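Below is one structure, written out as structure tokens; the observations come after it.
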Amino acid sequence: MERRSHDRTATCIDVEIRHLHGCCRGHIRDLGGCSMFVEIEGGNYPATGSLVQLNFGIDTGWCRISRQAGGEVARWDELGVAIRFDTGDGISCAVIEEILYYQQTAQRQDRPLTATDAA
213 MERRSHDRTA TCIDVEIRHL HGCCRGHIRD LGGCSMFVEI EGGNYPATGS
263 LVQLNFGIDT GWCRISRQAG GEVARWDELG VAIRFDTGDG ISCAVIEEIL
313 YYQQTAQRQD RPLTATDAA
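Adding 212 to a residue's 1-based position in the sequence shown gives its number in our numbering.
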């Protein structure tokens, strides 16, 4: 049963998760306006409820940029961690919007052109 209340965008963006007991690295599997799931490649998993700092590596198509945001671990499993963003944190929300923008730009560039695109 799907319980998500926000749309998700499939992504493949590098992220480093720093927390009180270490850090881990992975790739964002999906991203919504207030949460994301990161597939972990290695490192120390943060505990559920931990506050984390997220360091993103974003390929814009022209260059690679770095952004940071804060969040809280909602849950974790053998594949990775789900992280919630504080919707009152304007900086984190702006970073997520920027990631979604670049992801949508990449998806538009990857799709074949149609007759309506030329018009």
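No residue lacks a Cβ here, since even glycine has one placed at the ideal position from N, Cα and C.
Predicted model only: the values in this text are computed from it and were never measured.
If contact is defined by three or more beta carbon pairs under 8 Å, each pair taking one atom from either stretch, is the segment 270-278 in contact with the segment 232-247? No, the segment 232-247 does not touch the segment 270-278.
So, for T260: in the same chain, excluding its five sequence neighbours on each side, which residues have a beta-carbon less than 8 Å away from its beta-carbon? V285, A286, R287, W288
Extent of the continuous beta strand (DSSP E) run through E251: 247-255 is the extent of the beta strand (DSSP E) around E251.
Whose C-beta lies closer than 7 Å to the C-beta of E228 among residues of the same chain, with five residues either side of it excluded? C235, R237, N267
Would you call I311 buried or exposed, if buried means 16 or more other Cβ atoms sit within 10 Å of its Cβ? With 16 or more other Cβ atoms within 10 Å, it is buried.
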